[in-house]
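Numbering (this note's numbering), first residue to last: 4 to 227.
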């Protein structure tokens with residue numbers, strides 16, 4: 004069993020290099036690494052070109068970029084990762100044990116890469132919410148059988164909340180797999196925007212989405 008690992012980028016520069024370097028052992032085992040850029044104005048580090056199998060440009064927006072990568076993927080399982088992810092705690096052989104059927108999908112528990120105690124509370128609540136609702140965010144490393152991904156129509160072409168909508172469609176097919184392993188994600192947004200402000204923003208965005216506000220408007224709020 005092999006995996007197509009799809010990473011959307013936008014003005015990442017060298018930020019993505021640690022993840023690409025971590026994934027080289029996976030490439031040597033036959034996995035495929037695709038990088039999908041959404042129109043960066045900051046050049047990707049030139050060292051990255053030797054660390055990936057496929058690099059393409061796509062319309063800006065994670066849903067469009069991830070769909071573009073999925074269309075080019077050649078392996079039976081898709082794994083969507085953010086550029087600032089850290090997979091050092093994930094063992095490939097353990098991950099593969101959860102990929103045994105053509106209707107699989109799932110995600111990882113998340114750990115925020117910051118020692119401050121508030122982040123232990125945040126990640127605990129994030130993991131509890133996602134395991135009880137079967138709905139994950141993109142920084143939890145959603146994986147899905149390629150056939151299943153295309154059967155449900157892939158990511159919706161929306162400006163925000165694409166991961167929530169994907170999980171809602173997938174959970175109708177089967178419960179998500181839990182690899183019982185942690186995916187580490189950067190604290191950069193939490194630190195730059197403020198922890199409390201970010202918590203309230205995330206909950207507001209979810210409630211606003213359920214209430215019917217447009218994804219474009221929510222993306223505007225998210226990017227402010």
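In this text, a Cβ means the ideal position worked out from N, Cα and C, and glycines have one as well.
Predicted, not measured: the structure shown is a model, and the values here were computed from it.
Boundaries of the beta strand (DSSP E) in which residue i is found, first to last residue
i, result
"residue 37", "35-40"
"residue 7", "6-12"
Residue i classed as buried or exposed, judged by whether at least 16 other C-beta atoms fall within 10 angstroms
i, result
"residue 64", "buried"
"residue 59", "exposed"
"residue 97", "exposed"
"residue 142", "buried"
"residue 203", "exposed"
"residue 206", "exposed"
"residue 118", "exposed"
"residue 121", "exposed"
"residue 164", "buried"
"residue 50", "exposed"
"residue 150", "exposed"
"residue 226", "exposed"
"residue 178", "exposed"
"residue 140", "buried"
"residue 72", "buried"
Segment limits, alpha helix (DSSP H) that includes residue i
i, result
"residue 202", "198-213"
"residue 48", "Neither: residue 48 is in no alpha helix (DSSP H) and is coded neither H nor E."
"residue 30", "27-31"
"residue 216", "No alpha helix (DSSP H) contains residue 216, which DSSP labels as neither H nor E."
Bridge partner(s) assigned by DSSP for residue i
i, result
"residue 263", "Because the chain here runs from 4 to 227, residue 263 falls outside it and cannot be looked at."
"residue 60", "40"
Beta-carbon separation (whole angstroms), residue i vs residue j, contact threshold 8 Å
i, j, result
"residue 8", "residue 82", "5 Å"
"residue 180", "residue 107", "6 Å"
"residue 39", "residue 69", "7 Å"
"residue 228", "residue 54", "With the chain covering only 4 through 227, there is no way to say anything about residue 228."
"residue 171", "residue 147", "Contact doesn't hold; Cβ gap of about 13 Å is too wide."
"residue 43", "residue 13", "6 Å"
"residue 93", "residue 22", "With 8 Å as the limit, residue 93 and residue 22 do not qualify as a contact, their Cβ atoms being about 11 Å apart."
"residue 75", "residue 144", "Their Cβ separation, rounded to whole angstroms, is 19 Å, which puts residue 75 and residue 144 out of contact at 8 Å."
"residue 87", "residue 18", "6 Å"
"residue 109", "residue 182", "7 Å"
"residue 158", "residue 62", "The Cβ separation is near 12 Å, so there is no contact."
Neighbour flag for residue i against chain D, beta carbons, 9 Å
i, result
"residue 65", "Looking at the structure shown, chain D is missing, and only one protein chain is on hand."
Which runs of the beta strand (DSSP E) at least 3 residues long sit entirely within the region 140-193? Give them in chain order. Whole beta strand (DSSP E) segments, 3+ residues: 146-148 and 185-188.
Which residue spans inside the region 74-138 form an unbroken alpha helix (DSSP H) run of at least 4? 95-99 and 120-136
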